[in-house]
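This report refers to the structure that appears directly beneath it.
In this note's numbering, the protein residues as written are 54 to 409.
This is how it looks when you write it as structure tokens:
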């Protein structure tokens, strides 16, 4: 005889929350009333992805806790931040980490490249064209994304390049927490986090004027603040600056921080190789070689990422495609005479050595 089928499926609150989250775009933590506990650990979480930048992480964490504690005007976005500092020091990575932390997925971040919004007419791309104009049916890049999924991080990259009319749009978001799109619909931005980045502070003028924040005396810190204020006043209107919750200066990366970043990059490569059953291990000398060749004060971590891609990812990719490595293989990477050496081994065969 056939056994009776048990149709009694027990659903947990987490299951329901995940389903509703998928339908509505509301983060699971909001639905489970878990956010308060989560916010107490925000620094620890962000530092899993963002190396260094202790001051930036602290300022953002404090601002978000103020907002969620009810000390911020509820008619405005959750938080608004201007990230300043040289390229490659973690500004975009922090925005992604924040999106993942607050809204469960870094894909809930909208990145708007402001170098594409230097013309007056480009405003219509953000909010949509008015009736009778080309593109009316498509809606705005910004307003349509937020209207469909209102819980988002919005990253305005290189904000200093935007046309003045685009700044007027930003002012309305920061001031009123809403925008009217080309269809006349009001789009709510009160559940968004607004992040703007700027490269106005470069590695060169940080070296000349700022230095590392933790190394500054009180007098030097005041001088630094004055230098930053001059740059801000020269580039942005006062009413724009005054509406931002926190203006955060990112520091140059040290060699020790680059070592930690290289470990994160290698860890990410290992995650992808786990699916193929392949393991990699870098010796201390191999890591030192990468840091030595990849350190660039002006461009931060980006040269290191490109170097790892060129010297490690490319070599491993060739080994996989050619069939030299497969499931169950371990790749030991060491350095010799200024080059990386790749030695493969498994439990059934002798080691083989390749140089790159």
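Positions of the beta carbon are idealized from the N, C-alpha and C atoms, including for glycine.
Discussion item. Can you check which of these residues, 137, 143, 119, 132, is closest to residue 469 by C-alpha distance?
Written reply: Nothing can be reported for residue 469, as the shown portion of the chain is limited to 54 through 409.
Worksheet item: Within this structure, are the beta carbons of residue 220 and residue 164 separated by less than 8 Å?
Response: One-based indexing of the chain shown puts residue 220 at position 167. One-based indexing of the chain shown puts residue 164 at position 111. Cβ atoms of residue 220 and residue 164: not closer than 8 Å.
Fill in: Distance between beta carbons of residue 333 and residue 386, contact taken as under 8 Å
Against the chain shown, residue 386 aligns to sequence position 333. Against the chain shown, residue 333 aligns to sequence position 280. Going by Cβ atoms, the distance from residue 386 to residue 333 rounds to 6 Å, so yes, they are a contact pair.
Practice prompt. Check the C-beta distance from residue 322 over to residue 382 and give it rounded, since I have them as a contact under 8 Å.
Written response: Looking up residue 322 in the chain shown gives position 269. Looking up residue 382 in the chain shown gives position 329. At roughly 15 Å, the Cβ-Cβ gap does not stay under 8 Å, so residue 322 and residue 382 are not in contact.
Practice prompt. Going by CA-CA distance only, name the one from 137, 138, 121, 136 that's closest to residue 130.
Written response: Along the chain shown, read from residue 1 onward, the residue named residue 130 stands at position 77. Considering only alpha carbons, the answer is 121.
Practice prompt. Below 8 Å on the Cβ atoms is my guess for residue 161 versus residue 205; work out the distance and round it to an integer in Å.
Written response: Here residue 161 is taken as the residue at index 108 of the chain shown, counted from 1. Here residue 205 is taken as the residue at index 152 of the chain shown, counted from 1. Contact flag correct, Cβ pair sits at about 5 Å.
Worksheet item: Can the beta-carbon of residue 133 be found closer than 8 Å to that of residue 316?
Response: The residue labelled residue 133 in the question sits at position 80 within the chain shown. The residue labelled residue 316 in the question sits at position 263 within the chain shown. Their beta carbons are not under 8 Å apart, which means residue 133 does not touch residue 316 by this criterion.
Item to complete: Would you mind reading off the limits of the alpha helix (DSSP H) that contains residue 399?
Response: Working through the chain shown from its first residue, we reach residue 399 at position 346. Element bounds for residue 399: n/a, residue is neither H nor E.
Worksheet item: Where do the ends of the beta strand (DSSP E) carrying residue 165 lie?
Response: If you number the chain shown from 1, residue 165 lands on position 112. From DSSP, the beta strand (DSSP E) with residue 165 extends over 162-166.
Worksheet entry | Check whether residue 228 and residue 296 have beta carbons under 8 Å apart | The residue you call residue 228 lines up with position 175 of the chain shown. The residue you call residue 296 lines up with position 243 of the chain shown. Yes; because the gap between Cβ atoms is below 8 Å, this pair is in contact.
Worksheet entry | CB-CB length for residue 136 against residue 167, believed under 8 Å | Position 83 of the chain shown, counted from the first residue, corresponds to residue 136. Position 114 of the chain shown, counted from the first residue, corresponds to residue 167. About 13 Å separates the beta carbon of residue 136 from that of residue 167, a gap too long to meet the 8 Å contact definition.
Worksheet item: residue 128: which of 240, 182, 215, 159 sits nearest, CA to CA?
Response: Looking up residue 128 in the chain shown gives position 75. Of the candidates 240, 182, 215, 159, the residue whose Cα lies closest to the Cα of residue 128 is 240.
Discussion item. Tell me whether the region 278-288 and the region 100-112 touch, counting them as touching only if at least three CB pairs, one residue from each stretch, are closer than 8 Å.
Written reply: The region 278-288 is not in contact with the region 100-112.
Fill in: Neighbourhood of residue 411 by C-beta distance below 7 Å, restricted to the same chain and skipping five residues each side
Since the first residue shown for the chain is 54 and the last is 409, residue 411 is missing from the structure and cannot be characterised.
Item to complete: Tell me whether residue 385 sits in a helix, a strand or coil according to DSSP, three-state version.
Response: Along the chain shown, one-based indexing puts residue 385 at 332. Shown here, residue 385 sits in a strand according to DSSP, grouped into three states.
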